[in-house]
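The opening residue of the sequence shown carries number 1 in full-length UniProt numbering; numbering runs sequentially from there. To start, the structure under review is shown below, and the notes come after it.
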Amino acid sequence: MELSEQFWNASLEELKRGFIEDKGRFFCLLCGTETERGIIYPEDGLLFEAERYMRRHIETSHGSVFDYLIRLDKKLTGLTDHQSALLHLFYQGKTDKEVQAELNIGSASTIRNHRFVLKEKERQAKVFLALMELLKEKDQYAPSFINLHQTARMVDDRYNITEDENQRILQKFFPEGTDGPLKSFPPKEKQKLAVLREIVKHFQSGQIYHEKDVNEILQPIYADYVTIRRYLIEYGFLDRKPDGSQYWRKI
Numbered sequence: 001m002e003l004s005e006q007f008w009n010a011s012l013e014e015l016k017r018g019f020i021e022d023k024g025r026f027f028c029l030l031c032g033t034e035t036e037r038g039i040i041y042p043e044d045g046l047l048f049e050a051e052r053y054m055r056r057h058i059e060t061s062h063g064s065v066f067d068y069l070i071r072l073d074k075k076l077t078g079l080t081d082h083q084s085a086l087l088h089l090f091y092q093g094k095t096d097k098e099v100q101a102e103l104n105i106g107s108a109s110t111i112r113n114h115r116f117v118l119k120e121k122e123r124q125a126k127v128f129l130a131l132m133e134l135l136k137e138k139d140q141y142a143p144s145f146i147n148l149h150q151t152a153r154m155v156d157d158r159y160n161i162t163e164d165e166n167q168r169i170l171q172k173f174f175p176e177g178t179d180g181p182l183k184s185f186p187p188k189e190k191q192k193l194a195v196l197r198e199i200v201k202h203f204q205s206g207q208i209y210h211e212k213d214v215n216e217i218l219q220p221i222y223a224d225y226v227t228i229r230r231y232l233i234e235y236g237f238l239d240r241k242p243d244g245s246q247y248w249r250k251i
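Written out as structure tokens, the structure reads:
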């Protein structure tokens, strides 16, 4: 899924619990699932009120908020693979000695040093967050950037696209509007990203498609639908079984 504006605007406490409440509705920050206060939700022979069902949804669908966040791309977490592995083991309640044995690195004192480095990173993050919050109050010219989607496979400068720039790209390559055909397939990576983000909206989340279905959706959009299909997978918008028998939207 795409990391929504709600995700990025959530408070730390809201992000930790994985959902927000707005006007009697609960929204999962991790996938967009909604529940409504006053409605009872049945599951596995039990009945749940809206907030409890949302908490259950996060447990059953995502494992935990920690599990979801730790799997995000390193460009989003700011963590190295090694730091992510350490945090994951710490979250599991492993002792320093157990972590050292599992990762086969240094000694227990080495692990304590890693804990210190992570604590320093936490302090720096708090200061940086405060600076950015203060900056928002003064910076009148900050552009609005498109959000990254969680399943992005190549997080680099191609995602440096403002909302205005994104609109210009769509107008250029969809001259009849985004419901119309694609004029040509963009040569530049940023343009490809903007176009593919729009095309994937033709697919429903949670629905399984056969290759024939995918082709029928893409063919009216662009004659070379095979290229579009390949790039939707390459950019992490769609996924498929190894034999190509089933496709589904990842965001």
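Think of the CB as a built atom: it goes at the ideal place given N, C-alpha and C, for glycine as much as any other residue. Owing to the predicted nature of the structure, the values given are computational and were not obtained by experimental measurement.
- Judged by beta-carbon spacing, VAL200 lies beyond the 8 Å limit of PHE174, meaning their Cβ atoms are not closer than that value.
- Remark: C-beta atoms of LEU193 and TYR247 do not approach each other more closely than 8 Å.
- Sorting GLU137, TYR41, GLY177 and LEU79 by C-alpha distance to the C-alpha of GLU122 places LEU79 at the top.
- At least 8 Å separates the beta-carbon of TYR225 from that of LEU232.
- Listed in chain order, the non-local C-beta contacts of PRO220 below 8 Å within the same chain comprise PRO181, local neighbours out to five positions each way being set aside.
- Around the C-beta of ILE40, fewer than 16 other C-beta atoms lie within 10 Å, and the residue is accordingly described as exposed.
- In the structure shown, LEU69 adopts helical secondary structure according to DSSP, grouped into three states.
- If the five residues before and after VAL195 are omitted, its C-beta is found closer than 6 Å to the C-beta atoms of PHE173 and PRO186, all from its own chain and listed in chain order.
- PHE19 has its alpha-carbon roughly 25 Å from the corresponding atom of GLY93.
- Per DSSP, the beta-bridge partners of THR35 are PHE26.
- The three-state reading of DSSP puts GLU59 in helix, counting H, G and I together.
- DSSP links LEU131 through a beta bridge to no other residue.
- A straight-line Cα-Cα distance of about 15 Å links THR162 and GLU198.
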